[in-house]
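A quick write-up on the structure given underneath.
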């Protein structure tokens, strides 16, 4: 990333030197003004390199780093874009963009050759900035592309002057509008981060889905995320099925790993574990048929009943049935069925087969899900046992 910023400085120095030389040779005021404008970009490039260098530093005074320096630099660049637009409008209205007496076709060819340089490099810098999630690189790339428009304005002014046509004012107005729009977008993006605004709703919803998808998470109470520079900070409060702090910590680490895998440049993921307050428990019962016969073989069960009971009065809240999508698997069926059931977030899994010491049993235990072996034959008998006094025991 710093390599791209150094390239930016070198390209700007080349453009400034070339434009100054051509303005001296031709006596063109437009070229001279454009050279002065490009010289501002040199200072911007120096500020960008300094910003990227400072942003990655952490200290006792700044334990979260100085990532926002990048956003501060991008805001400064947006203000320079506004200044650029003002310069163009002022020059166009003043009518001072007139070619010098030595405006020949050679000069026009050289000016035309300068136009693609900032356009191509600006597009490259924006692409690299987005890949690295660096707002200052994106802002500097936008400034480069604005320079291409400015150079085009100079070229058309010189061509118009040579052919007897004045195109300065119309072209200047159009270019100024594009530059103002680019500056506004960069300013808005930078200020949102500096004011600790939340990330966009799509990113936040994606983070929420990742957390809620974990089988050990019973509820997601709150999640916030913000950008600082190109880095992402995430904070969430969750309730887990397990009361063991060590296991809850493992859940948090698993969630953090998934967030880091999904999003690049995540600096910190902070997970708070809130006390679990359950209003109902979900039981998954292995069935051998859709009529409600309890299965003796967990992995070969074609159906599973999902039964939600009120924690307080053991009242039946909801009952549903899901089909086993892994019934035809030859190997690893039990573990895949366990993972499928975990996606429905049961608190207890009930079967006539004991899962203790088996792959599915370990998978459920890791997620804080209890496994129970029953001697009951039908689903209705299982539910009656759960609803009866002491129905929460392991044997019923």
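In the working numbering, the protein residues as written are 1038 to 1433.
Ideal Cβ placement from N, Cα and C applies to all residues, glycine included.
Annotation: the continuous alpha helix (DSSP H) that includes residue 1417 extends over 1416 to 1424. Less than 8 Å separates the beta-carbon of residue 1324 from that of residue 1340. Residues of the same chain with a CB within less than 7 Å of the CB of residue 1149, apart from the 5 flanking positions on each side, are 1192 in chain order.
Comparing C-alpha distances from residue 1373 to each of 1172, 1351, 1335 shows the shortest one belongs to 1335. The secondary-structure analysis by DSSP pairs residue 1264 across a beta bridge with 1269. Taking the Cα of residue 1394 as reference, the smallest distance to any Cα among 1289, 1404, 1408, 1383 is reached at 1408. In the pairwise beta carbon analysis, the region 1153 to 1169 is classified as not touching the region 1109 to 1127: fewer than three pairs are separated by under 8 Å. From the listed residues 1247, 1258, 1152, 1105, the smallest Cα separation to residue 1309 is found for 1258.
If the five residues before and after residue 1351 are omitted, its C-beta is found closer than 6 Å to the C-beta atoms of 1424, all from its own chain and listed in chain order. The residue among 1321, 1346, 1404 with its C-alpha nearest the C-alpha of residue 1410 is 1321. In the displayed model, residue 1058 falls within a helix according to three-state DSSP.
In the three-state scheme derived from DSSP, where H, G and I count as helix and E and B as strand, residue 1200 is classed as helix. For a cut-off of 8 Å, the C-beta gap from residue 1327 to residue 1390 is around 19 Å, too long to register as a contact. By the neighbour-count criterion, in which a residue is buried when 16 or more other Cβ atoms sit within 10 angstroms of its Cβ, residue 1319 is buried. For residue 1274, DSSP records a beta bridge to 1259, 1309. When secondary structure is reduced to three states using DSSP, residue 1411 falls in the coil class, being assigned neither helix nor strand. Scanning its chain for C-beta atoms nearer than 6 Å, with the 5 sequence neighbours on each side dropped, one finds around residue 1220 the residues 1115, 1118, 1119, in chain order. With contact defined as three or more Cβ pairs closer than 8 Å, the region 1282 to 1294 and the region 1343 to 1350 are not in contact. In the three-state DSSP reduction, residue 1326 falls in the coil class, being neither helix nor strand.
A straight line joining the alpha-carbon of residue 1382 with that of residue 1252 spans about 5 Å. When secondary structure is reduced to three states using DSSP, residue 1152 falls in the coil class, being assigned neither helix nor strand.
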